[in-house]
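**Q** Just so we're aligned: 140 in the numbering used here is position 154 of the sequence shown, and the numbers increase by one with no gaps anywhere. Cβ coordinates follow ideal geometry from the N, Cα and C atoms, glycine included. Being a predicted model, the structure only gives us computed values, none of them experimental. The structure's right below; bear with me while I get my questions together.
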Amino acid sequence: MNEIKCPHCGSVFQVDEAGFAAILKQVRDGQFEREIKARESAFLHERESAVKIAVSDVEKKKDREIAEKQEEIARLKEEARSLENSLKAKNDVELVKKDNEITILRNLLNEERSKIATEVTIASQKKELEIVRLRSDLQHERDSSGQREQELKDYHRRQIELLNEEIKELKSFKKSLSTKMVGETLEQHCRDEFEMLLRPHLPQNVCFGKDNDATGGSKGDFIYRETTPEGVEIISIMFEMKNEMDTTATKHKNEDFFKELDKDRRQKGCEYAVLVTMLESESELYNSGIVDVSFRYEKMYVIRPQFFVPLITILRNSALKTVEARRELAQIRAQNLDITNFENELMEFKDKFSRNYQLASDKFRTAIDEIDKTITHLQKTKDALLSSVNNLRLANSKAEDLTIKKLTRNNPTMRGKFKELEENKANKIE
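Shown next as structure tokens:
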């Protein structure tokens, strides 16, 4: 507890810390308010004094300027009167001269006005001609733009037609899988393929020709035979070619000819039977590559024309290896060697033959996939060209909406020229 003595009555009383703090706060707040009011009063007083001083200075400065202006005006009036008197004397002497000069100047002014009017007329005509030229250029540009647009449309249309034709050709190629059937029969095509691609690389003991023996009631189209120099037959193949027009009403199937082909093969003593066919062009089975149907008829294959040469090569190589295997077998038997080695080599040959067949089939499927990708790419190119034609149509619409007003909207120079031209026309009308 703290004791506090009142300065007025002299009595002493006690207060705790909270009360003491409250009293101290009251004292400080009162003192602070008094100081603020005192400072505010001093500030207002200083501001009023500064304003009065500034106003006084401005008024004094203004009075001085007014006095100086009045003195300047008086001086100028005096000089003007003096100058007027001197000029008046001179004007009396030169009045006639001035009148003559005025007359001359008026004549010159009239001539100048006439020249100016002529120049204005010429300028107006030039501006009109310029406007006509600009309009003509604009129309020419529109016509040229339309012509270029039409040319581009024609060009894109031709490109689209070419792409469509190419797509049709690729689709037709995919369906028919034939490369040289135009203007040729299937038999002639196979004969030409053999003579061009195989004949130069085959030995003299190879025979390939038409089957002309119909003693058994039927015959095939071609027979391929190859023998060793000793006259031992290495391989023989009976070929049957089947094709029909797209407009044929009754469509045949490949299996319709299997039985007859197998019969011809047996009658002519051929080892293999091969049907070269263009039938069932939509069949994925026959379009996939070399089709082995030996599960129904012994040693029979079905192929498209483009596999004619590859199949002969595969079968011939297989036969040549078989001949070598036979010779080796004879040597092994002559030397009383174990037959197991021959069987292993024969199995290895079968594996290699199967692997070669699988590789050829995979390459064929890859070629088909590439054709599909090419068709897709060409279709995208066609869509892009159609989109370009649409953009050209939009550009033409924008060009048709183009006007002189739109051209000069953000061009102050051209806008000023047109405004000046309108004013000149209005003046001429007046």
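On the three-state DSSP scale, how would you describe phenylalanine 281?
**A** Taking the sequence shown and counting its residues from 1, one reaches residue 281 at position 295. It is coil, neither helix nor strand.
**Q** Secondary structure at serine 267, three-state DSSP: helix, strand or coil?
**A** Position 281 of the sequence shown, counted from the first residue, corresponds to residue 267. DSSP places serine 267 in coil when its eight states are reduced to three.
**Q** Exposed or buried, phenylalanine 294, counting other C-beta atoms within 10 Å across all chains shown (16 or more means buried)?
**A** Walking along the sequence shown from the start, residue 294 turns up at place 308. By the neighbour-count rule (16 or more Cβ atoms within 10 Å), phenylalanine 294 is buried.
**Q** Count the other C-beta atoms from every protein chain shown that fall within 10 angstroms of the C-beta of arginine 211, then say buried if there are 16 or more, exposed otherwise.
**A** The residue labelled residue 211 in the question sits at position 225 within the sequence shown. Arginine 211 is buried by the Cβ-count criterion.
**Q** Reducing DSSP to helix, strand and coil, say where glycine 402 ends up.
**A** Residue 402 sits at position 416 when you count from the first residue of the sequence shown. Helix at glycine 402.
**Q** Look at methionine 227 and cysteine 256 and say whether their C-beta atoms are less than 7 Å apart.
**A** In the sequence shown, residue 227 corresponds to position 241, counting from 1. In the sequence shown, residue 256 corresponds to position 270, counting from 1. Cβ atoms of methionine 227 and cysteine 256: not closer than 7 Å.
**Q** Considering glutamate 173, what are the terminal residues of the beta strand (DSSP E) in which it resides?
**A** As a working mapping, residue 173 is identified with position 187 in the sequence shown. Note, glutamate 173: premise wrong, no beta strand (DSSP E); alpha helix (DSSP H) at 172 to 179.
**Q** Straight-line CA distance for leucine 378 to threonine 352?
**A** On the sequence shown, residue 378 is found 392 positions in, with the first residue counted as 1. On the sequence shown, residue 352 is found 366 positions in, with the first residue counted as 1. If I take the Cα positions, the gap works out to 39 Å.
**Q** Going by Cα to Cα distance, which pick from Arg290, Val277, Gln253 and Tyr283 is closest to serine 267?
**A** One-based indexing of the sequence shown puts residue 267 at position 281. Nearest C-alpha to serine 267: Arg290.
**Q** In the DSSP output, which residue or residues are listed as bridge partners for glycine 195?
**A** Here the question's residue 195 lines up with position 209 in the sequence shown. Paired residue(s): Ile209.
**Q** Beta-carbon within less than 6 Å of leucine 91's beta-carbon, same chain only, minus the 5 sequence neighbours each way: which residues are those?
**A** What you label residue 91 is simply residue 105 of the sequence shown in a count that begins at 1. Answer for leucine 91: no residue qualifies.
**Q** Reducing DSSP to helix, strand and coil, say where leucine 261 ends up.
**A** Sequence index remark: in the sequence shown, residue 261 carries index 275 (1-based). Strand, per DSSP.
**Q** So, helix, strand or coil for aspartate 49, using DSSP?
**A** As a first step, residue 49 must be located in the sequence shown, where it is residue number 63. Correct three-state label for aspartate 49: helix.
**Q** Compare the C-alpha of aspartate 358 against each of Lys154, Glu51, Ile88 and Asp129 and name the closest.
**A** Within the sequence shown, residue 358 is the residue found at index 372, counting from 1. The shortest C-alpha separation from aspartate 358 is found at Lys154.
**Q** Between valine 418 and leucine 297, which are expected to be in contact by the criterion C-beta below 8 Å, what is the C-beta distance as a whole number of angstroms?
**A** In the structure as shown, the chain begins at -13 and stops at 416. Residue 418 is therefore absent and cannot be evaluated.
**Q** Between which two residues does the beta strand (DSSP E) containing lysine 237 stretch?
**A** Mapped onto the sequence shown, residue 237 falls at position 251. Note, lysine 237: premise wrong, no beta strand (DSSP E); not H, not E.
**Q** Going along the chain, which residues of its own chain have a beta-carbon closer than 6 Å to the beta-carbon of valine 192, five neighbours each way excluded?
**A** Along the sequence shown, one-based indexing puts residue 192 at 206. Excluding residues within five positions, the ones whose Cβ falls inside 6 Å are Glu212.
**Q** Is proline 398 near the ligand GDP - that is, is its Cβ less than 6 Å away from at least one heavy atom of it?
**A** What this structure holds is no ligand at all, so the ligand GDP is not there to describe.
**Q** Among all the DSSP beta bridges, which residues are the ones paired with tyrosine 272?
**A** As a first step, residue 272 must be located in the sequence shown, where it is residue number 286. None, per the DSSP bridge assignment.
**Q** For the alpha helix (DSSP H) containing glutamate 230, list its first residue and its last residue.
**A** Within the sequence shown, residue 230 is the residue found at index 244, counting from 1. It is not in any alpha helix (DSSP H) - glutamate 230 carries neither H nor E in the DSSP assignment.
**Q** From the DSSP output, in three-state form, read off valine 288 for me.
**A** Sequence index remark: in the sequence shown, residue 288 carries index 302 (1-based). Of the three classes helix, strand and coil, the one that applies to valine 288 here is strand, per DSSP.
**Q** Hey, is the region 110 to 119 in contact with the region 398 to 410, meaning 3+ C-beta pairs nearer than 8 Å?
**A** They touch, by the three-pair rule.
**Q** Buried or exposed for cysteine -5, going by 16 or more other Cβ atoms inside 10 Å?
**A** Here residue -5 refers to the residue found at position 9 when the sequence shown is read from its first residue. Answer is exposed; the Cβ neighbour count stays below 16.
**Q** Pick helix, strand or coil for glutamate 219, following the three-state DSSP scheme.
**A** Residue numbering aside, residue 219 sits at position 233 when the sequence shown is read from its first letter. Reduced to three states, the DSSP call for glutamate 219 is strand.
**Q** Take every Cβ of the region 267 to 287, pair it with every Cβ of the region 240 to 259, and state whether three or more of those distances are shorter than 8 Å.
**A** A contact exists between the region 267 to 287 and the region 240 to 259.
**Q** Check this for me: beta carbons of lysine 366 and isoleucine 146, under 7 Å apart or not?
**A** Within the sequence shown, residue 366 is the residue found at index 380, counting from 1. Within the sequence shown, residue 146 is the residue found at index 160, counting from 1. Cβ atoms of lysine 366 and isoleucine 146: not closer than 7 Å.
**Q** Apart from the five residues just before and just after lysine 244, which ones in its own chain have a Cβ nearer than 8 Å to its Cβ?
**A** Counting from 1 along the sequence shown, the entry for residue 244 is found at position 258. Here the sequence assigns phenylalanine to residue 244, which means lysine is not the residue at that position. Counting only Cβ-Cβ distances below 8 Å, and skipping sequence neighbours, we find Leu261, Val279, Arg282, Tyr283 and Met286.
**Q** For the alpha helix (DSSP H) that leucine 188 lies in, which residues bound it at each end?
**A** As a first step, residue 188 must be located in the sequence shown, where it is residue number 202. Leucine 188 -> no alpha helix (DSSP H), and no H or E assigned at all.
**Q** For a test of the three-state rule: what should DSSP assign to glutamine 12, helix, strand or coil?
**A** Locating residue 12 in the sequence shown gives position 26, where the first residue counts as 1. Three-state DSSP puts glutamine 12 in a helix.
**Q** Give me the DSSP bridge partner(s) of methionine 224.
**A** Within the sequence shown, the letter at position 238 stands for residue 224. Methionine 224 pairs with Ile209 and Ala259.
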